[in-house]
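Going by numbering that gives the first Met the number 0, the sequence shown opens with residue 0, and the numbers climb by one from there. Ideal placement from N, C-alpha and C gives every residue a C-beta, glycine not left out. Just below is one structure, and these are the notes that go with it.
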Amino acid sequence: MTLSPQEKQTILKSIREIPDFPKAGIIFKDITTLLSDPNALNTLMSHLQARYENYNLDYIAGIDARGFIFGAILADRLGVGFVPVRKKGKLPYTTVAEKYSLEYGFDEVEVHIDAFGEGGCCSSGTPARVLLIDDLIATGGTAKAAANLIDRVGATCVEACFIMELSFLHGKEGINTPIYSVLEID
Ligand code: AMP
């Protein structure tokens, strides 16, 4: 279940760094090069499959937009449902929304009110067990809002998983759910 140093290197090396994108001072972690590298993608997804196989998950919730890719692959591998946590205004049915602050201003994410079943419950009547996933956690604002949404619709966020964590930003500190990051970047 633990990644070997060599496997970590395979994944890390496949992620391209773009300085000053989308603005000066940001080093953008570009996962398109991870997605196009079948060995790196398979190493990553096999690791996540092994980690979450025994979590008794009902759903994977992926954050707009890169979380959709990893989340949907993992959901299919685990045989569970996939739920998109979308940016405001994209989902067609009744939604629940959560605002969060950006460096300048606000953004908002939302899910369908019945995304994890009626009242967030499985057919057995117990709250659905949900894994939240995204490519990267920076300040943690997006992940915190998404985890709150899962709770607000009545489901349980059992863990939030990221391919990368920018640990110097301490983003996981305000999030009230266990966090797992494949790569911690100082
Ligand atoms: P935050 O809410 O600050 O934790 O930001 C996380 C979201 O912004 C994730 O959906 C990431 O995909 C994206 N993001 C933030 N910083 C970066 C970065 N340096 N490289 C790539 N994506 C980033």
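Query raised in the report: Under the three-state reduction of DSSP, which class applies to residue 98: helix, strand or coil?
Result: Here residue 98 corresponds to residue number 99 of the sequence shown, with the count starting at 1. Three-state DSSP puts residue 98 in a strand.
**Report entry** N-terminal and C-terminal residue of the beta strand (DSSP E) that residue 163 is part of
**Finding:** Locating residue 163 in the sequence shown gives position 164, where the first residue counts as 1. Where residue 163 is concerned, the enclosing beta strand (DSSP E) stretches over 155-165.
Requested in this report: Measure the alpha-carbon distance for residue 35 versus residue 163 and round it to whole angstroms.
Outcome: Position 36 of the sequence shown, counting from 1, holds the residue named residue 35. Position 164 of the sequence shown, counting from 1, holds the residue named residue 163. Each residue's alpha carbon lies about 17 Å from the other.
**Report entry** Residue closest to residue 167, alpha-carbon to alpha-carbon, out of 137, 115, 73 and 10
**Finding:** Translated into positions along the sequence shown, residue 167 becomes position 168. Closest option to residue 167, Cα to Cα, is 137.
Report task. Could you check if residue 65 is buried or exposed, using at least 16 other CB atoms within 10 Å of its CB as the buried criterion? Result -> Reading the sequence shown from its first residue, position 66 is the one you call residue 65. With a threshold of 16 other beta carbon atoms within 10 Å, residue 65 meets it and is buried.
Query raised in the report: Using the C-alpha atoms, what's the distance from residue 157 back to residue 0?
Result: As a working mapping, residue 0 is identified with position 1 in the sequence shown. As a working mapping, residue 157 is identified with position 158 in the sequence shown. So the two alpha carbons sit approximately 18 Å from each other.
Query raised in the report: Do the CB positions of residue 6 and residue 42 come within less than 7 Å of each other?
Result: The residue labelled residue 6 in the question sits at position 7 within the sequence shown. The residue labelled residue 42 in the question sits at position 43 within the sequence shown. Going by C-beta atoms, residue 6 is nearer than 7 Å to residue 42.
Query raised in the report: Cα-Cα, which of 72, 118, 99 and 79 is closest to residue 86?
Result: Within the sequence shown, residue 86 is the residue found at index 87, counting from 1. If you compare the alpha carbons of 72, 118, 99 and 79 with that of residue 86, the shortest gap goes to 99.
Query raised in the report: residue 108 to residue 88, Cα distance in whole Å?
Result: Taking the sequence shown and counting its residues from 1, one reaches residue 108 at position 109. Taking the sequence shown and counting its residues from 1, one reaches residue 88 at position 89. Using only the alpha carbons, I get a separation of about 9 Å.
Query - Complete alpha helix (DSSP H) runs within the region 63-110 (minimum length 4 residues, chain order) - result: Runs of the alpha helix (DSSP H) lying entirely within the region 63-110 and spanning at least 4 residues, in chain order: 65-77.
Query raised in the report: Considering only the beta carbon of each residue, do residue 187 and residue 132 sit closer than 7 Å?
Result: Lying outside 0 to 185, the shown extent of the chain, residue 187 is not represented and no answer is given.
Query raised in the report: Cα separation between residue 179 and residue 142?
Result: In the sequence shown, residue 179 corresponds to position 180, counting from 1. In the sequence shown, residue 142 corresponds to position 143, counting from 1. Looking at the backbone, the Cα of residue 179 and that of residue 142 are separated by about 12 Å.
Query raised in the report: Measuring from the CB of residue 133, is there a heavy atom of the ligand AMP at a distance below 6 Å?
Result: For the purposes of this step, residue 133 is taken as the residue at position 134 of the sequence shown. Yes.
Report task. State the DSSP-derived secondary structure class of residue 57, mapped to helix, strand or coil. Result -> One-based indexing of the sequence shown puts residue 57 at position 58. Note: residue 57 maps to coil in three-state DSSP.
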